[in-house]
Amino acid sequence: MDFVVDDNNSNIDNTNIPNTLPSSHFLSLPRPSSSSLSSLSWSPTPTPNPSPNPTHVTPYPPPPIVDTSTLAAHDFDVDPRTGFMPPHPPIPHLPPSLEGIRYDLWETTLRVACESRFELGVDTPGGGGGVGSEEWRERVRKLPILSIHPLLKSEVLLRRGHHVLAWILHFYIHTYPLHTPSILIPPSLTLPLLQISNELQLPPVLTYSDDVLYNWGLINPEGGVRKDNLRVLTSFTGTPSESHFYLTSARIELIGVRALEVMQSMLDELFVGDEIAVRRITGYLRELGEVIGEMEGELRGMGEGCDPKVFFEEIRPWFRGFDSIHPQRPWVFQGIDDIGIDSPPNPNPSPTQLSGPSAGQSSLIHALDIFLGVQHAEGEEEVLRKMRAYMPRHHRRFLGHLAESNRSLRGLVRGEGNEGNEMLIEAYNQAVGALRKLRDAHFGIVAKYIIVPAASAASAVNRSAANANAREGSRSRLKGTGGTDLARFLKSVRDDTREAVISSE
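Each residue of the sequence shown is one higher than the last, beginning at 1 in the UniProt record's numbering.
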């Protein structure tokens with residue numbers, strides 16, 4: 001059976017940066033079994049002509065279930081210093097060999113792709129990725145199928161494995177000419193990527209965690225994790241614009257650490273709920289609004305280092321998943337019969353929908369929505385639920401636990417006894433207003449970097465083959481790399497945020 005998805009400086013840094021977690025940290029502990037993958041939005045789909053592969057892959061135990069009975073940050077992989085980003089720099093490469101398995105073959109394959117500066121595939125005869133891309137793809141096809149068993153001992157190793165293979169996948173797919181009717185992804189890539197994705201409970205595609213959360217190192221190893229001390233590990237183009245794009249999101253995540261701290265403090269006060277607690281919550285809400293304002297300021301700084309033309313034409317097309325490409329073409333994951341793990345439950349198989357990475361996969365913004373009680377219409381909420389399937393599983397559980405809390409901030413502000421508390425209501429509305437302004441800024445960035453360039457590409461009279469990727473993104477309704485109808489969705493969630501304001505009358 002094949003796994004089908006309908007698809008309508010050096011770029012990688014191998015500096016040996018220490019990455020040591022305390023022995024008591026849950027990511028350092030042995031990895032026992034866990035729950036199924038039924039919450040994910042992808043599943044195998046059979047094809048009539050399976051691609052045989054004689055290699056048997058031993059099934060492995062799934063990942064652990066963490067204790068979610070409390071809001072202890074370590075249970076959810078939320079660090080008090082770095083938030084949703086890891087507390088230590090992600091490892092820049094897998095060990096060359098573990099238990100005789102040569103993971104340097106994966107790392108070298110990715111390094112060659114990054115250093116070769118491959119071009120995007122276009123829709124002209126022979127228009128596939130520039131010089132050497134087909135030779136590189138043939139190299140991928142000839143890779144041996146590597147066991148992931150040695151990686152199972154470490155969550156950190158599995159994350160790096162997903163990072164490497166997902167980046168290889170996007171290089172492999174997007175260097176093909178656009179007229180290619182279907183893309184056959186070889187078992188050498190399919191099998192380990194699907195196994196690692198199964199372990200991490202992530203889709204087998206590039207996610208926000210691959211290009212932001214786990215895609216950074218320190219400029220100065222002695223300088224600590226600070227906004228001004230981050231550098232990018234892996235990129236498609238090696239351009240300053242691409243690095244700035246990823247690092248802007250990473251810096252926003254670090255600013256958001258204070259927001260998570262304030263939210264935790266308010267949850268503690270909500271448990272008490274007396275007059276003193278309400279006064280403290282009022283102060284915390286003002287602080288939360290200030291932090292969200294800092295996040296907005298960082299986002300508006302995108303233009304200081306990321307060129308809109310470079311982003312739209314050279315960077316963004318690499319991110320695309322099946323549901324942001326037009327016309328769609330199948331991605332066929334070959335060798336699924338030999339993967340050696342149970343398929344996720346799927347009583348009515350249908351083509352899998354894999355989205356590319358997007359800022360909507362950031363757990364931080366979802367956490368703010370949930371905490372402030374911003375309600376979205378069913379259509380928007382469905383999109384947001386889909387995006388959560390692309391988050392690290394511990395972060396999904398954090399959001400689920402936050403949503404299920406019986407300590408509602410919005411309920412307190414609107415509750416009996418606080419109807420006339422203008423200071424509390426004003427502080428709450430300031431925080432909601434700051435979140436709306438953040439979404440205003442995001443819409444402005446999307447307009448500048450995607451909507452306006454797409455409109456220009458659509459209206460151009462003479463379109464060269466080199467601009468085919470820009471044309472592709474401008475057809476039909478403009479979609480984000482996460483598969484959403486971009487402008488409509490962003491306007492809707494912004495309007496939902498505005499409507500969360502509470503009247504003091």
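The C-beta atom is built at its ideal place from N, Cα and C for all residues, glycine as well.
From a predicted model like this one, the values you see are computed outputs, not experimental measurements.
query: Within this structure, are the beta carbons of A277 and L270 separated by less than 9 Å?
result: On the sequence shown, position 277 is the one that residue 277 refers to. On the sequence shown, position 270 is the one that residue 270 refers to. The answer is yes: Cβ separation under 9 Å.
message: Taking the beta carbon of P96 as the centre, do at least 16 other beta carbons fall within 10 Å, making it buried, or is it exposed?
response: Against the sequence shown, residue 96 aligns to sequence position 96. Counting Cβ neighbours within 10 Å, P96 comes out exposed, since fewer than 16 surround it.
- request: Indicate whether I450 and R300 have their beta-carbon atoms separated by less than 9 Å.
  value: The sequence position of residue 450 within the sequence shown is 450, counting from 1. The sequence position of residue 300 within the sequence shown is 300, counting from 1. Contact flag unset, no.
query: For D268, which three-state DSSP category applies?
result: By one-based count along the sequence shown, residue 268 stands at place 268. DSSP places D268 in helix when its eight states are reduced to three.
message: If you follow the alpha helix (DSSP H) that F371 is in, where does it begin and where does it stop?
response: Translated into the one-based positions of the sequence shown, residue 371 becomes position 371. 363–372 is the span of the alpha helix (DSSP H), which, as asked, contains F371.
query: Are N229 and L213 touching if we call contact CB-CB under 9 Å?
result: If you number the sequence shown from 1, residue 229 lands on position 229. If you number the sequence shown from 1, residue 213 lands on position 213. Result no, Cβ atoms of N229 and L213 do not sit closer than 9 Å.
task: Measure the C-alpha to C-alpha separation of V140 and E499 and round it to an integer number of angstroms.
output: As a position in the sequence shown, residue 140 is number 140, starting the count at 1. As a position in the sequence shown, residue 499 is number 499, starting the count at 1. The straight-line gap from Cα to Cα measures roughly 50 Å.
- request: Grab the span of the beta strand (DSSP E) containing L184 for me, first residue to last.
  value: As a first step, residue 184 is located in the sequence shown; it is residue number 184 there, counting from the start. Note, L184: beta strand (DSSP E), 183–185.
query: Starting from L399 and walking both ways along the alpha helix (DSSP H), at which residues does that stretch end?
result: Here residue 399 refers to the residue found at position 399 of the sequence shown. Note, L399: alpha helix (DSSP H), 393–404.
- prompt: Identify the residues that DSSP records as bridge partners of R231: which are they?
  reply: Reading the sequence shown from its first residue, position 231 is the one you call residue 231. DSSP lists G217 as partners of R231.
task: Compute the Euclidean distance between the alpha carbons of V413 and R407, then round it to the nearest angstrom.
output: As a first step, residue 413 is located in the sequence shown; it is residue number 413 there, counting from the start. As a first step, residue 407 is located in the sequence shown; it is residue number 407 there, counting from the start. Between the C-alpha atoms of V413 and R407 there is a straight-line separation of about 11 Å.
task: With distances taken Cα to Cα, identify the nearest neighbour of G400 among I370, M387, Y390.
output: Translated into the one-based positions of the sequence shown, residue 400 becomes position 400. Comparing Cα positions, the closest option is I370.
query: Going straight from the alpha carbon of V332 to that of L189, what length do you get?
result: The residue you call residue 332 lines up with position 332 of the sequence shown. The residue you call residue 189 lines up with position 189 of the sequence shown. In a straight line, the C-alpha of V332 is about 11 Å away from that of L189.
task: Count the other C-beta atoms from every protein chain shown that fall within 10 angstroms of the C-beta of S182, then say buried if there are 16 or more, exposed otherwise.
output: Indexing the sequence shown from 1 puts residue 182 at position 182. Flag for S182 reads exposed.
- prompt: Does the separation of the CB atoms of P204 and L354 fall below 9 Å?
  reply: Here residue 204 corresponds to residue number 204 of the sequence shown, with the count starting at 1. Here residue 354 corresponds to residue number 354 of the sequence shown, with the count starting at 1. For P204 and L354, yes; Cβs fall inside 9 Å.
task: Report yes if the C-beta of A434 is less than 8 Å from at least one heavy atom of the ligand GTP; otherwise report no.
output: The ligand GTP is absent from the structure shown, which contains no ligand whatsoever.
field: Sequence-distant residues of the same chain with beta carbon closer than 6 Å to G132, five excluded per side
entry: Taking the first residue of the sequence shown as 1, we reach residue 132 at position 132. Counting only Cβ-Cβ distances below 6 Å, and skipping sequence neighbours, we find S116.
- prompt: Taking buried to mean at least 16 other C-beta atoms within 10 Å of its own C-beta, is E155 buried or exposed?
  reply: The residue labelled residue 155 in the question sits at position 155 within the sequence shown. It is buried - the Cβ of E155 has at least 16 other Cβ atoms within 10 Å.
Residue(s) in a DSSP beta bridge with L98: Against the sequence shown, residue 98 aligns to sequence position 98. L98 pairs with I101.
- prompt: Is the Cβ-Cβ distance between H376 and D77 less than 9 Å?
  reply: Locating residue 376 in the sequence shown gives position 376, counting from the first residue. Locating residue 77 in the sequence shown gives position 77, counting from the first residue. No, these two residues do not count as a Cβ contact at 9 Å.
field: Among E119, V374, G411, S363, the one whose alpha carbon lies nearest that of R388
entry: In the sequence shown, residue 388 corresponds to position 388, counting from 1. For R388, the nearest C-alpha among the options comes from S363.
field: Same chain only: Cβ atoms within 6 Å of I281, ignoring 5 sequence neighbours per side
entry: Against the sequence shown, residue 281 aligns to sequence position 281. Contacts found: M266, E269.
message: DSSP three-state label for D337, please.
response: As a position in the sequence shown, residue 337 is number 337, starting the count at 1. D337 falls in the helix class under three-state DSSP.
message: Rounded to whole angstroms, what is the Cα-Cα separation between I101 and G238?
response: For the purposes of this step, residue 101 is taken as residue 101 along the sequence shown, with counting starting at 1. For the purposes of this step, residue 238 is taken as residue 238 along the sequence shown, with counting starting at 1. Rounded to whole angstroms, I101 to G238 spans 29 Å at the Cα level.
query: Just how far apart, CA to CA, sit R231 and G289?
result: Working through the sequence shown from its first residue, we reach residue 231 at position 231. Working through the sequence shown from its first residue, we reach residue 289 at position 289. Taking the straight line joining both Cα atoms gives about 28 Å.
message: Just verifying my parser: in three-state terms, what is the DSSP assignment at D495?
response: Numbered from 1 along the sequence shown, position 495 holds the residue referred to as residue 495. Note: D495 maps to helix in three-state DSSP.
- prompt: Buried or exposed: where does A455 fall if 16 or more other Cβ atoms within 10 Å of its Cβ makes it buried?
  reply: As a first step, residue 455 is located in the sequence shown; it is residue number 455 there, counting from the start. Taking every protein chain shown into account, the CB of A455 has fewer than 16 other CB atoms within 10 angstroms, so this residue is exposed.
query: Quick one: what's got a C-beta closer than 7 Å to D211's C-beta in the same chain, skipping five residues either side?
result: On the sequence shown, position 211 is the one that residue 211 refers to. Y246, P357, listed in sequence order.
query: In the structure shown, what three-state DSSP assignment does D210 receive?
result: Translated into the one-based positions of the sequence shown, residue 210 becomes position 210. D210: helix per DSSP, three-state reduction.
field: Simplified DSSP state of D485, which is helix, strand or coil
entry: Numbered from its first residue, the sequence shown carries residue 485 at position 485. Correct three-state label for D485: strand.
- prompt: Within 10 angstroms of its Cβ, does S243 collect 16 or more other Cβ (buried), or is it exposed?
  reply: Here residue 243 is taken as the residue at index 243 of the sequence shown, counted from 1. Counting Cβ neighbours within 10 Å, S243 comes out buried, since at least 16 surround it.
task: Count the other C-beta atoms from every protein chain shown that fall within 10 angstroms of the C-beta of S503, then say buried if there are 16 or more, exposed otherwise.
output: Taking the first residue of the sequence shown as position 1, residue 503 is located at position 503. Exposed, because fewer than 16 other Cβ atoms sit within 10 Å of the Cβ of S503.
Same chain only: Cβ atoms within 6 Å of E90, ignoring 5 sequence neighbours per side: Indexing the sequence shown from 1 puts residue 90 at position 90. As written in the sequence, residue 90 is Pro, which differs from the Glu given in the question. Closer than 6 Å at the Cβ level, and outside the excluded window around P90, lie Y214.
message: Assuming N429 is part of the alpha helix (DSSP H), what are its boundary residues?
response: Here residue 429 refers to the residue found at position 429 of the sequence shown. Unbroken alpha helix (DSSP H) run through N429: 422–446.
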